[in-house]
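There are 2 protein chains.
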Amino acid sequence: MSLVNHRFTLAARPVGLPKPSDFAYGEEPVREPADGEILVKNRYISLDPAMRGWMNEGKSYVPPINLGEVFRALAIGEVVASKDAKLAPGEHVSGVFGIQEYATVAAKDATKIPPIAPLPVFLSTLGMPGMTAYFGLLDIGRPQAGETVVVSGAAGAVGAVVGQIAKIKGCRAVGIAGGAEKCAYLRTLGFDAAIDYKSTDVAAALREHCPNGIDVYFDNVGGDILDAALARLARHARVVICGAISQYNATGRMTGPSNYLSLLVNRASMTGMVVFDYAARYPQAITEMAGWMAAGKLTSKEDIVRGLETFPATLNKLFTGENHGKLILEV
Amino acid sequence: MSLVNHRFTLAARPVGLPKPSDFAYGEEPVREPADGEILVKNRYISLDPAMRGWMNEGKSYVPPINLGEVFRALAIGEVVASKDAKLAPGEHVSGVFGIQEYATVAAKDATKIPPIAPLPVFLSTLGMPGMTAYFGLLDIGRPQAGETVVVSGAAGAVGAVVGQIAKIKGCRAVGIAGGAEKCAYLRTLGFDAAIDYKSTDVAAALREHCPNGIDVYFDNVGGDILDAALARLARHARVVICGAISQYNATGRMTGPSNYLSLLVNRASMTGMVVFDYAARYPQAITEMAGWMAAGKLTSKEDIVRGLETFPATLNKLFTGENHGKLILEV
């Protein structure tokens, strides 16, 4: 075996939007697996907003990527060589395999993918974004039938699932997304209303589409949209803080929500969630969501871009809002 | 009976810090009580940060004071005439009696004061500030023994009680207040540490005094101090939003907490509270707190200023941080 691995490493810590020189593309020989290890050939790699945070120094919920280190990423691949009895060549696994063609990892760090859905769905609705939507909405948001659920970044991998689960739970679902095309997509998913923040006054649209206020606001974006939602909270509302993509490339001080005192007036709460905390319950959520998908109640959409070498440009689609559905790199 | 009532009405909606011309001092004949009403001679009037919000137009948790209306205030007075069988002249009652000498009100809107503590204490530790501290800390903050509780505005009527209850519950109590004198006062109350925000880098002091992070942060002030506390949260911290006195006189856009994503990283929550929601449980809280006072575990401090006519200047002591303990106007 004399395979060559191509991979991206972090070359520099970006200021603002990442640029090509912040990444280095290179090659190296593939390392053969030792006892207890497997060699995985990556098939699909997940590109996520959280990656921007990993490029910065400093404390977050996971450590930063070191300079010179292979860029961290969740991926799905095929086992091509195994020195572990539990995984055989030909099986599909997911794990933190990085932005590269091949990964040599401990078998215990790989999760077998059951053949119940196409592989990319396990990076999307049955993967981290789906888990984030499921636990963020149901555990933190606790929506009750008849309540109004608003989600920002609604056409994204997390947001689209949040709105669909809200509908499954008997709620009114209102999505905020950028552009007419994304808003049309939300309506096909069953959202009751879609607000195009690029062409509409979000505050006015929330007044129109949430006549009884917002009971659950699931925030992926931060910034002005978070402020507009705070201004429209219903009594005892729950705000789920899942992300703040509008702020991730900010070079100055982050903008905090000016309207946070709406929490006081409305006896509302704002709670942060990190999906990893729910790992023990992923199997249960995957089973339930796969059932919803089979019943036609839950649609999964992936935006699959081919070519490992496109990674730096493809990643930035997340921050310019160009992706439609879960952004995945096909190797 | 030909009594004359002196009272303050709201003359103008202030921009920034209220000025004397925003209030009008005048007199009118006292209206005799009709059936079911009582006439109260005010003795002590509570001055509270929330009053600043009532002077603005627009939705809050209570309606604004109308222009020309007697300035709303909680007070304690003596019944001097009664047309209701449940209240007799000579009894002491509390209610929303306003900034005036006499109030003619429905007997059902007055609450009898039991003779278990000096009257001003019923506007302080056994009144709204004490109730706010008790329910905000215990119901929203849910401190566990051994945890670290930080409170801002710690020398104020609410904050001082928050810190003392935190100690009663076996927590580490850290107070943030302005000036050496207030900080010395906090130490006499049993706070483990007191941070003078006027002379200290609050963020650095929180790192020093909260080595394991902040489990419960009770915020009365907002602004930079809220941001410093957010940056120091422990995993699963609870932030209680009780007020934001640093922002009440802001004339521009409010400053939101830039560090709110600490809620995400730390899986923390930020929840607003309004004391009125707990009205049904006030008697239970008063009983428990009166017991702590009798046992010497809880100290109440009032800053009593004599003279109804000093109201506009005395109110502003709240916003310039000059008061020491619960600010009360003695009529």
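Protein sequence lines correspond, in order, to chains A and B. Numbered per this note's numbering, the first sequence finishes at 411, counting up by one with no gaps. Numbered per this note's numbering, the second sequence finishes at 411, counting up by one with no gaps. In this text, a Cβ means the ideal position worked out from N, Cα and C, and glycines have one as well.
Check	Outcome
Any 3 or more C-beta pairs closer than 8 Å across the stretch 363 to 376 of chain A and the stretch 361 to 381 of chain B	no
From B:A365, B:A257, B:V355 and B:A130, residue whose alpha carbon lies closest to that of I145 (chain B)	B:A130
Y362 (chain B) at chain A interface by Cβ criterion, 8 Å	no
Interface partners of N346 (chain B) on chain A, CB under 7 Å	G352
Beta carbon of M353 (chain A) nearer than 8 Å to that of F215 (chain A)	yes
Cβ-based neighbour list, D307 (chain B), same chain, cut-off 6 Å, excluding 5 preceding and 5 following	P337, S338 and N339
L147 (chain A) - containing alpha helix (DSSP H), residue span	Per DSSP, L147 (chain A) belongs to no alpha helix (DSSP H) and is neither H nor E.
Same chain, Cβ closer than 7 Å to T191 (chain B), neighbours up to 5 away in sequence not counted	V173, S174 and G175
Beta carbon proximity, R333 (chain A) to chain B, threshold 8 Å	yes
Three-state class that DSSP yields for A308 (chain A) in the structure shown	helix
Coarse secondary structure for K377 (chain B), derived from DSSP in three states	coil
Contact list for G387 (chain A) against chain B, beta-carbon separation under 7 Å	Correct list: empty, because the minimum Cβ distance to chain B is about 32 Å.
Contacting residues, own chain, Cβ-Cβ under 7 Å from M350 (chain B) (five flanking each side not counted)	V319, I321 and L343
Below-8 Å beta-carbon distance, S349 (chain B) vs any chain C residue	The structure shown has no chain C; the protein chains it does contain are A and B.
The stretch 383 to 398 of chain B touching the stretch 245 to 262 of chain B, judged by at least three CB pairs closer than 8 Å	no
Proximal residues of chain B, C-beta to C-beta of A324 (chain A) below 7 Å	L341
Cβ pair L127 (chain B), L409 (chain B) closer than 8 Å	yes
Rounded separation between V230 (chain B) and T268 (chain B) - CA only	17 Å
According to DSSP, residues forming a beta bridge with H404 (chain A)	Answer is none; H404 (chain A) lacks a bridge partner.
Sequence ranges, alpha helix (DSSP H) only - wholly within the stretch 172 to 233 of chain B, length at least 4	208 to 215
8 Å Cβ cutoff, P337 (chain A) in contact with chain B	yes
Within chain B, partners of I321 (chain A) - CB distance below 8 Å	Y340, L341, L343 and L344
Identity of the residue in A:A253, A:C251 and A:A234 nearest Y277 (chain A) by Cα	A:A234
Helix, strand or coil at P337 (chain B) [DSSP, three-state]	coil
8 Å Cβ cut-off: residues of chain B touching D357 (chain A)	R347
P200 (chain B) classed as buried or exposed, judged by whether at least 16 other C-beta atoms fall within 10 angstroms	buried
Per DSSP, cross-strand counterpart(s) of N122 (chain B)	B:G157
For R386 (chain B), the three-state DSSP class (helix, strand or coil)	strand
Neighbourhood of A285 (chain B) by C-beta, 6 Å cutoff - its chain only, sequence neighbours within 5 removed	I275
Where D357 (chain B) falls: helix, strand or coil (DSSP)	helix
Inter-stretch contact at 8 Å, needing at least 3 Cβ pairs: the stretch 154 to 173 of chain A / the stretch 233 to 252 of chain A	no
At least three beta-carbon pairs within less than 8 Å, the stretch 215 to 229 of chain A to the stretch 396 to 411 of chain A	no
Spatial distance of V411 (chain B) from V95 (chain B) (CA atoms)	28 Å
Sequence-distant residues of its chain with Cβ nearer than 6 Å to A104 (chain A) (five each side left out)	T89 and A91
Per-residue burial, G405 (chain A) [other beta carbons within 10 Å of its own, 16 or more giving buried]	buried
Cutoff 8 Å; reference P223 (chain A); Cβ partners in own chain excluding five residues on either side	L217, V229, A246, K249, C251, D295 and V296
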